[in-house]
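> Using this note's numbering, count along the sequence shown one by one with no gaps and you end on 272.
Below is one structure. I have some questions about it.
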Amino acid sequence: MLISPTQIEQKAPANRTQNNNMTAKHSLYIQIIILALISTLISGCSVRLQNYKEIVTELFNTPEDVTLSQQEIEEFPYAGSYIQVDERPRAFMALAFDDNGVLKWRTGGEEIIHTKHGRITATNNMSGAIAHTSNLKNDPLACFREAIRRNNQDLTNCPTTWQRDIWVTTATPNKIEDQAYTYTSEFRVGATEQVNLANGTSHQVIKIEERIGTSDNNVATNTFYISTDNARIVKSHQLIAPPSSSQSSSESTFATIEEVKPYTLEEVKNNG
1 MLISPTQIEQ KAPANRTQNN NMTAKHSLYI QIIILALIST LISGCSVRLQ
51 NYKEIVTELF NTPEDVTLSQ QEIEEFPYAG SYIQVDERPR AFMALAFDDN
101 GVLKWRTGGE EIIHTKHGRI TATNNMSGAI AHTSNLKNDP LACFREAIRR
151 NNQDLTNCPT TWQRDIWVTT ATPNKIEDQA YTYTSEFRVG ATEQVNLANG
201 TSHQVIKIEE RIGTSDNNVA TNTFYISTDN ARIVKSHQLI APPSSSQSSS
251 ESTFATIEEV KPYTLEEVKN NG
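What follows is the structure in structure tokens.
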């Protein structure tokens, strides 16, 4: 089970008035956030980082789905994505920095999610979530994206299997437990289809399904949607926290990620 240090209890609105107040409060938050972000561009780096953390925390720790307007998206000075973990409200995460192709996203509080080629490869300060992934250089997603980037819709030359180890760190008040898993994935390339994102955009994509398993059983199925125009992974539904081997009732935790404001430098730097 995924446990976030800043996770808060979610309560349904008691009435229509309370719900309207929450919506107005959220709208005000976003307006303040955009003004603060613009002002930080003129300030020093330390001030920028401090405000950045506060800004994204406001957008992540919300009891209702976050939805940015088109104007808010255009004025937001960072790349950003929506993320929804299982049935929790949809939140917003902003790109903190690009570490040689590993994109690190601030989600709120101290949590950071690392992605490469659209895949969650590691997290920081998220107990029970993936902490490290090995053998990333052989991830077939890289080959699929490169083929599409070169305007080659025939992905049959890309590998369809991949093995790697992942590490998970689980923290409780009494102990910290590290677990390692060896996963083997099988990939299936689907047909071209259209996806409509919550930010109002539509994309022609190639759907990639990835079945993840161990030597004993199937663990999960990831789905990635790669744009045929720019090879960005504009949407995914993927494993963020595997079931704990020490808890028989534990289940996998999934994250759905959608592009809100793209990281356009990715196309220039040819990384992900």
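Virtual Cβ for every residue (Gly too), placed ideally from N, Cα, C.
All figures in this text were calculated on a predicted structure; none of them were measured in a lab.
Run the CB neighbour count on Glu111, radius 10 Å, all protein chains shown included, and call it buried at 16 or more, exposed below.
Within the sequence shown, residue 111 is the residue found at index 111, counting from 1. Per the 10 Å Cβ criterion, buried.
> Look up Asn19 in the DSSP assignment and say whether it is helix, strand or coil.
Locating residue 19 in the sequence shown gives position 19, where the first residue counts as 1. Low confidence applies here, because Asn19 scores a pLDDT of 47, under 50, leaving its location unreliable and the question unanswered by this model.
> Within 8 Å, do at least three Cβ pairs link the region 98-105 to the region 114-134?
yes
> Taking only three categories from DSSP, how would you classify Arg149?
Numbered from its first residue, the sequence shown carries residue 149 at position 149. The answer is helix: DSSP assigns Arg149 an H, G or I state.
> Taking the alpha carbon of Asn152 as the reference point, which residue from Thr264, Val85, Val260, Ile206 has its own alpha carbon closest?
Counting from one through the sequence shown, the residue named residue 152 turns up at place 152. If we check each option's Cα against that of Asn152, Ile206 comes out closest.
> Curious, which full-length beta strand (DSSP E) runs of at least 3 residues does the region 167-198 contain?
176-196
> Return the first residue and the last residue of the alpha helix (DSSP H) that Glu87 is part of.
As a position in the sequence shown, residue 87 is number 87, starting the count at 1. Premise fails: Glu87 is in no alpha helix (DSSP H) and is neither H nor E.
> State the Cα-Cα distance for the pair Gly190 and Asp139, rounded to the nearest angstrom.
Position 190 of the sequence shown, counted from the first residue, corresponds to residue 190. Position 139 of the sequence shown, counted from the first residue, corresponds to residue 139. Answer to the nearest angstrom: the Cα atoms are 18 Å apart.
> Quick check: what's the CA-CA separation for Gly80 versus Gly213?
As a working note, residue 80 is residue 80 in the sequence shown. As a working note, residue 213 is residue 213 in the sequence shown. Approximately 31 Å between the Cα atoms of the pair.
> Select from Leu239, Asn230, Val66, Thr184 the residue whose C-alpha is nearest the C-alpha of Asn217.
Locating residue 217 in the sequence shown gives position 217, counting from the first residue. The shortest Cα separation from Asn217 among Leu239, Asn230, Val66, Thr184 belongs to Thr184.
> Go to Glu75, then tell me how far its alpha helix (DSSP H) extends in each direction, as first and last residue.
On the sequence shown, position 75 is the one that residue 75 refers to. Where Glu75 is concerned, the enclosing alpha helix (DSSP H) stretches over 70-75.
> Between Gln163, Asp65, Trp167, which lies nearest to Ser244 when the distance is taken from Cα to Cα?
By one-based count along the sequence shown, residue 244 stands at place 244. When each option's Cα is compared against that of Ser244, the closest is Trp167.
> Roughly how many angstroms separate the alpha carbons of Ile148 and Val85, rounded to a whole number?
Walking along the sequence shown from the start, residue 148 turns up at place 148. Walking along the sequence shown from the start, residue 85 turns up at place 85. When rounded, the separation of the alpha-carbon atoms in Ile148 and Val85 is 28 Å.
> Which class does Ala220 belong to by DSSP, given the choice of helix, strand or coil?
The count along the sequence shown starts at 1 and reaches residue 220 at position 220. Under the three-state reduction of DSSP output, Ala220 falls in the strand class.
> What does a CB cutoff of less than 8 Å around Ser134 pick up in its chain, not counting 5 residues either side in sequence?
By 1-based counting over the sequence shown, the position of residue 134 is 134. Excluding sequence neighbours, Ser134 sits near Arg164, Asp165, Ile166.
> Could you pull out every residue in the same chain whose Cβ sits closer than 8 Å to the Cβ of Asp229, ignoring the five residues on either side in sequence?
Along the sequence shown, read from residue 1 onward, the residue named residue 229 stands at position 229. Counting only Cβ-Cβ distances below 8 Å, and skipping sequence neighbours, we find His203, Gln204.
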